[in-house]
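Numbering (the numbering used here), first residue to last: 9 to 234.
Quick notes on the structure that follows.
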């Protein structure tokens, strides 16, 4: 297994690299977020099964690296390394697309196990397909025609509801309850705004897939498939 380790602490990198080597996990070391992005965007980039990224990198932070990679369609599991585990940071990391959040004081055996678990989880979760649209459930990423579409967490949840319906009409009330946990329509344009954003993002890579039944709800699929 090959892992990219992005951290500016040479002593920590040495400990992690040597420890993971004993677990048959081989590390490529990069000391900054900028160099990591440069490597991963290069035409001759190597393959990595997973990535370990220091949250508090100088310059381009771990947050910057995570956001840039997910926006560019990176599908490898990304695990954050943090000096101390903070609940708010863990929640933010997972919502932004990280696969795990690990304290730097973690034992090597546990770190190796969590890397392996993240890789297995990504491989085991299926994709949902509808026409040329694919949802990667492991990464919570959307692709259309093979091109990555950056979605906010709520936009992904909304699209997931529509895709799972397989062309069936989904009532506004059903969407609001599933995505926003609202028992009834609040009488605002909350859903309409999110549908508009989703329609615009999907439309950049093909014809409109979102069909509207005014006052009732929405279904997903081109006119020829409805």
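Even for Gly, the Cβ is constructed at its ideal location relative to N, Cα and C.
Beta carbon of residue i nearer than 8 Å to that of residue j
i           : j           : result
residue 134 : residue 145 : yes
residue 44  : residue 11  : no
residue 33  : residue 9   : yes
residue 57  : residue 127 : yes
residue 166 : residue 187 : yes
residue 28  : residue 120 : yes
residue 171 : residue 136 : yes
residue 181 : residue 193 : yes
residue 214 : residue 152 : yes
residue 157 : residue 210 : yes
residue 229 : residue 175 : yes
residue 74  : residue 104 : yes
residue 184 : residue 221 : no
residue 72  : residue 39  : no
residue 112 : residue 20  : yes
residue 236 : residue 217 : Nothing can be reported for residue 236: it is not among the residues displayed for the chain, which extend from 9 to 234.
residue 212 : residue 219 : no
Per DSSP, the bridge partner or partners of residue i
i           : result
residue 62  : 89
residue 147 : DSSP lists no partner for residue 147.
residue 11  : 35 and 58
residue 135 : 144
residue 152 : 141 and 155
residue 108 : 87
Burial state of residue i (16 or more Cβ within 10 Å)
i           : result
residue 149 : buried
residue 96  : exposed
residue 122 : buried
residue 93  : exposed
residue 179 : exposed
residue 52  : exposed
residue 233 : At residue 233, the pLDDT of 46 sits below 50, so the modelled position is not reliable; the number obtained from the coordinates is stated separately. Exposed, since its Cβ has fewer than 16 Cβ neighbours within 10 Å.
residue 61  : buried
residue 99  : exposed
residue 55  : exposed
residue 195 : exposed
residue 79  : exposed
residue 223 : exposed
residue 41  : buried
residue 204 : exposed
residue 82  : buried
residue 67  : exposed
Beta carbon proximity, residue i to chain D, threshold 8 Å
i           : result
residue 161 : Any reference to chain D falls outside this structure, which holds one protein chain only.
Count Cβ pairs between the segment 102–116 and the segment 87–94 that sit closer than 8 Å; are there 3 or more?
yes
Report the residue ranges of all beta strand (DSSP E) runs contained in full by the segment 160–231; include only those spanning at least 3 residues, in chain order.
218–221 and 225–228
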